[in-house]
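One structure is given here, and the rest of the page talks about it.
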Amino acid sequence: MKELGYGDINDDVLNAMRPPRLPYLIAVACLAAVVGYAALVLLYQIQNGIGVTGLNRPVGWATYITNFVFWVGIAHSGTLISAILYLLRANWREPVSRASEAMTIFAVMTAGLFPLIHLGRLWVFYYIIPYPSQRQLWPNFLSPLVWDVCAVGTYFTVSLIFWSVGMIPDLAAARDRYEEALGPDHIRTRIFRILSLGWTGSGTQWLHYNRSYLYFAALATPLVISVHSVVSWDFAVSLLPGWHSTIFPPYFVAGAIHSGLAMVLTLLIPMRKLLHLERIITLHHFEMIAKTIVLTASIVGYAYAAEAFIAWYSGDRFEWQLYHWRSTGSPAWLYWMIIPLNVLIPWMFVFKKIRTSYVWLFCISLLINVGMWLERLFLIFTSLAHDFLPHNWGSYAPTWVEVSITIGSFSFFFLWFFGFSKFLPTVPIAELKTKISEMQMRSSEECAMRVSPGKSHLAHSSVLAVFSHAGDMLEAVKAACGHGFTIMEVFSPTKLEEVEKVMARPKSPVRFWTLAGAIAGMAGGFWLAIGTALVNSLIVGGKQPVSLIPYCVIAFEGTVLLGSLANLCGLVLHAGLFKYRLPSFYDRRFSRDRFGLLVNCDIHDQERLQKLLSTTRPEEMHVSR
2 MKELGYGDIN DDVLNAMRPP RLPYLIAVAC LAAVVGYAAL VLLYQIQNGI
52 GVTGLNRPVG WATYITNFVF WVGIAHSGTL ISAILYLLRA NWREPVSRAS
102 EAMTIFAVMT AGLFPLIHLG RLWVFYYIIP YPSQRQLWPN FLSPLVWDVC
152 AVGTYFTVSL IFWSVGMIPD LAAARDRYEE ALGPDHIRTR IFRILSLGWT
202 GSGTQWLHYN RSYLYFAALA TPLVISVHSV VSWDFAVSLL PGWHSTIFPP
252 YFVAGAIHSG LAMVLTLLIP MRKLLHLERI ITLHHFEMIA KTIVLTASIV
302 GYAYAAEAFI AWYSGDRFEW QLYHWRSTGS PAWLYWMIIP LNVLIPWMFV
352 FKKIRTSYVW LFCISLLINV GMWLERLFLI FTSLAHDFLP HNWGSYAPTW
402 VEVSITIGSF SFFFLWFFGF SKFLPTVPIA ELKTKISEMQ MRSSEECAMR
452 VSPGKSHLAH SSVLAVFSHA GDMLEAVKAA CGHGFTIMEV FSPTKLEEVE
502 KVMARPKSPV RFWTLAGAIA GMAGGFWLAI GTALVNSLIV GGKQPVSLIP
552 YCVIAFEGTV LLGSLANLCG LVLHAGLFKY RLPSFYDRRF SRDRFGLLVN
602 CDIHDQERLQ KLLSTTRPEE MHVSR
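Residues 2 to 626 (the working numbering) make up the sequence shown, in order.
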């Protein structure tokens with residue numbers, strides 16, 4: 002990475018978006034064929050009923066719910082890498098964050114299919130949507146299944162916004178590249194012109210963008226913890242042995258991140274090779290992921306040990322008989338597979354020789370994926386098959402219908418990821434360039450006069466200076482400001498915190514939008530839950546119609562959802578996005594490897610300004626009147 006320049010990063014990432022070749026098209030066609038086959042199998046299930054699966058009494062949850070929990074878990078690593086590690090300033094996350102975020106989106110899309118598939122009667126799914134109707138039937142917000150809908154729906158929406166906003170500067174880079182290479186009227190140019198929302202890389206846009214992105218990360222961080230905790234409550238709030246445990250929320254979260262990080266390795270190792278991103282995604286990034294997997298494997302291993310200890314120490318004969326059956330009975334082969342697959346084999350990453358080998362990284366990541374899927378299946382069906390009463394015990398085996406739809410779900414996920422890898426920037430270009438600009442600039446003090454990006458009524462002329470070095474532009478900003486020129490704007494391919502510091506602009510008002518949205522979401526969540534409960538005032542599970550503690554889940558999801566939507570609205574409004582036409586002075590090189598400083602001045606000061614800026618080594622200057 003150190004030897005790469007701004008243009009090199011652009012070329013390496015955007016070259017991967019060239020028109021696909023025959024092997025890619027064949028792979029996509031095969032994946033689409035498998036998805037089509039799975040869709041036909043689903044139609045067969047709908048026509049003949051859920052009885053074509055292996056589900057029966059007492060095992061009513063099995064492969065489909067396993068897939069739901071597995072894919073929601075896969076989605077967690079994207080938010081971990083893009084949001085949590087962003088807040089922790091872990092710079093190694095940058096080259097792998099975009100693909101991880103995409104993986105999150107596609108995994109949640111895949112997970113969302115399975116509650117509908119498991120439902121059997123797909124046409125009644127809208128019963129769980131809270132909307133007024135003459136039947137006065139409302140979802141029960143005391144149910145963890147309804148919490149699931151709110152949590153996963155919020156997670157998908159926030160993750161999609163977070164991912165889309167992060168791509169805006171890179172989509173502008175693709176727009177400018179295609180406009181230069183293919184012309185302004187080419188279909189690809191037009192598509193990316195729309196997707197980039199009029200991004201110019203101005204200092205004003207970067208000011209609001211950086212603050213908005215920080216708030217997105219702050220909102221997504223607790224969300225990623227809550228989502229799989231809510232999924233675990235589907236099981237933990239029941240009274241079945243093996244499920245009724247307070248260890249489930251941290252256990253599920255750790256397992257989700259564990260499987261998600263493994264999937265990142267599974268996807269990115271071949272993607273790096275096939276898209277020729279070796280200079281950007283290096284072995285160091287995979288090694289850091291492997292070290293994180295060692296941590297999550299240790300947490301998962303601790304949960305396995307705690308589960309056994311709780312069953313023994315609690316003195317609950319039902320818990321103990323279930324654990325004994327799990328470890329020595331008919332499903333014991335699964336039990337003794339998931340421990341080495343999820344704990345012992347990942348611990349091999351403590352050896353540097355293992356975690357620095359692409360072959361070992363890829364193979365172990367595959368084994369973890371298999372192990373975590375089997376763990377979900379083992380956890381779900383065994384508690385149902387071996388509950389309190391011996392006469393109610395049963396068994397479960399998946400049928401060809403469930404196997405076909407499961408394989409189809411993996412093809413569905415990979416099909417979306419294949420499309421992403423070819424048609425969108427797979428690596429955050431602007432973030433990678435930040436390191437280079439930081440090395441080119443020195444720390445500076447604020448300008449004595451406040452700088453404004455607006456236009457003055459005295460300004461009849463402007464000078465645009467173009468630089469190839471971020472440090473030179475910083476010196477130009479300080480020189481112009483020091484000589485009384487305070488109406489200026491900068492343009493850059495990446496964020497420049499030192500330039501923002503010198504220009505001393507006021508803080509972005511996006512924070513007020515985010516706060517207002519969060520408060521409205523919290524109030525709306527409580528209002529929705531309480532209002533729907535009072536329609537019929539039913540007592541469910543011994544709880545009063547209005548139970549505020551369970552409603553905190555709905556209020557939290559509303560806080561994050563509306564906070565994120567308001568944050569997006571604030572960004573669009575204050576950054577001036579959704580503009581199709583770019584300003585006349587915009588230079589396409591500003592999204593690649595050049596920096597611009599546009600200074601407004603009185604016509605009598607134009608010559609003085611040009612002489613002043615020429616001392617800061619600009620490549621070229623343009624004057625407009």
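For each residue, glycine too, the CB sits at the ideal point set by N, CA and C.
For C602, the three-state secondary structure derived from DSSP is strand. Within 10 angstroms of the beta-carbon of P347 lie 16 or more other beta-carbons, which makes it buried. By the neighbour-count criterion, in which a residue is buried when 16 or more other Cβ atoms sit within 10 angstroms of its Cβ, Y128 is exposed. Using a 10 angstroms sphere on the CB of C602, the tally of other CB atoms reaches 16 or more, which defines it as buried.
Among the bridge pairs identified by DSSP, V500 is matched with none. Distance from G597 to D588 at the Cβ level is roughly 6 Å; contact confirmed, criterion being Cβ atoms closer than 8 Å. Burial state of N370 is buried, judged by a 10 Å Cβ sphere holding 16 or more other Cβ atoms. Of the residues M474, L497 and G420, the one whose Cα lies closest to the Cα of R22 is G420. Within its own chain, the residues whose Cβ lies closer than 8 Å to the Cβ of T222, once the five positions on either side in sequence are excluded, are T80, A84, I85 and L88, listed in chain order.
Counting the other CB atoms within 10 Å of its CB gives T297 a total of 16 or more, which places it among the buried residues. For L465, the enclosing beta strand (DSSP E) has its first and last residue at S462 to F468. Residue pairing by DSSP puts M622 in a beta bridge opposite A466. DSSP, reduced to helix, strand and coil, places F69 within a helical segment of the structure shown. Its chain contains S78, I290, T293, I294 and T297 as the residues whose beta carbon lies nearer than 7 Å to that of L262, once the 5 sequence neighbours on both sides are disregarded; these appear in chain order.
In this structure, F486 is the residue among F486, A519 and R99 with its C-alpha nearest to the C-alpha of Q607. For L529 and V147, the gap between their C-alpha atoms comes out near 13 Å.
In the structure shown, G6 falls within a coil segment according to DSSP collapsed to helix, strand and coil.
Within the same chain, Cβ atoms closer than 8 Å to the Cβ of A480 are found at L613, L614, T616 and T617, the five residues on either side in sequence being excluded.
Bridge partners of V60 according to DSSP: none are assigned. Taking 8 Å as the upper bound for CB-CB distance, P494 and G202 are in contact here, some 6 Å apart.
Scanning its chain for C-beta atoms nearer than 6 Å, with the 5 sequence neighbours on each side dropped, one finds around M474 the residues F468, F596 and L598, in chain order.
Counting only runs that start and end inside the stretch 207 to 243, there is no beta strand (DSSP E) element of at least 3 residues.
About 15 Å separates the Cβ atoms of K544 and L240, ruling out a contact at the 8 Å cut-off. Across the structure, L563 and C570 are spaced so that their CA atoms are roughly 10 Å apart.
Secondary structure of S444 (DSSP, three-state): coil. Per DSSP, reduced to three states, the secondary structure at F596 is strand. C-alpha of T400 to C-alpha of G55: approximately 6 Å in a straight line. The closest CA to that of Y305, considering only A386, L266 and A255, is found on A255.
Rounded to whole angstroms, V265 and S299 show a C-alpha spacing of 19 Å. CA-CA distance, L15 to P426, rounds to 6 Å. Going by DSSP, P271 is part of the alpha helix (DSSP H) stretching over F249 to L275. For N49, the uninterrupted alpha helix (DSSP H) run begins and ends at L23 to N49, by DSSP. DSSP links V541 through a beta bridge to K544. The continuous stretches of alpha helix (DSSP H) do not include K580, and DSSP gives it neither H nor E. Distance check between T357 and each of I270, L385 and V70 places I270 closest, using alpha-carbon atoms only.
By the criterion of at least three beta-carbon pairs nearer than 8 Å, the stretch 362 to 378 is in contact with the stretch 64 to 72.
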